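Reading through the structure tokens given below for one structure.
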Amino acid sequence: MKKVIIMLLSVGVLVAFQKVEDKKVYICSSVASTKYHFKKNCRGLSQCKATIKESTEKKVRRYGRLLCKWEKKALKKK
């Protein structure tokens, strides 16, 4: 029983200090763009006249970008 507890604690410590990777997202680099997308071929990105850039969800949310309405619909269906 002692070995099981020690093993569970060690696994817990390893998981607690594991770096969580931020989700990659795509944005239109236009000044007027306010949304971010999970897929590079998202319907919302098809209107982008500027370049499409890859970033992290954490970073784009910090700058006030919101999730695209097409991506929201896809998440709700799941």
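With the sequence shown counted from 1, adding 1356 to any position gets you our numbering. Here a beta-carbon is modelled for each residue, glycine too, at the ideal position from N, C-alpha and C. The structure presented is a predicted model; accordingly, all values stated were derived computationally and were not measured.
My understanding is that K1380 touches T1412, with C-beta atoms under 8 angstroms, so please give their C-beta distance in whole angstroms.
-> With a beta-carbon spacing of about 6 angstroms, K1380 and T1412 fall inside the 8 angstroms limit used to define contacts.
DSSP state of R1387, grouped into three classes?
-> Here the sequence assigns Val to residue 1387, which means Arg is not the residue at that position. In the displayed model, V1387 falls within coil according to three-state DSSP, outside both helix and strand.
Rank S1389, L1365, K1428, D1378 by C-alpha distance to the C-alpha of I1408 and give the top, closest one.
-> Sorting S1389, L1365, K1428, D1378 by C-alpha distance to the C-alpha of I1408 places S1389 at the top.
Extent of the continuous alpha helix (DSSP H) to which K1379 belongs = Counting along the chain, K1379 falls outside any alpha helix (DSSP H), and DSSP gives it neither H nor E.
Put K1428 into one of helix, strand or coil per three-state DSSP.
-> DSSP places K1428 within a helical segment (H, G or I) once states are collapsed to three.
V1376 burial status per 10 Å Cβ neighbour count (16 or more: buried) | Annotation note: pLDDT 47 at V1376 (below 50); position unreliable, coordinate value reported separately. V1376 comes out exposed.
Tell me, to the nearest whole angstrom, how far the beta carbon of K1382 is from that of L1401; I am working on the premise that it is less than 8 angstroms.
-> Note on residue identity: the sequence assigns Tyr, not Lys, to residue 1382. Cβ-Cβ separation between Y1382 and L1401: approximately 6 angstroms, consistent with a contact (criterion under 8 angstroms).
Decide if E1427 is buried, meaning its Cβ has at least 16 other Cβ atoms within 10 Å, or exposed.
-> Around the beta-carbon of E1427, 16 or more other beta-carbon atoms lie within 10 Å, marking it buried.
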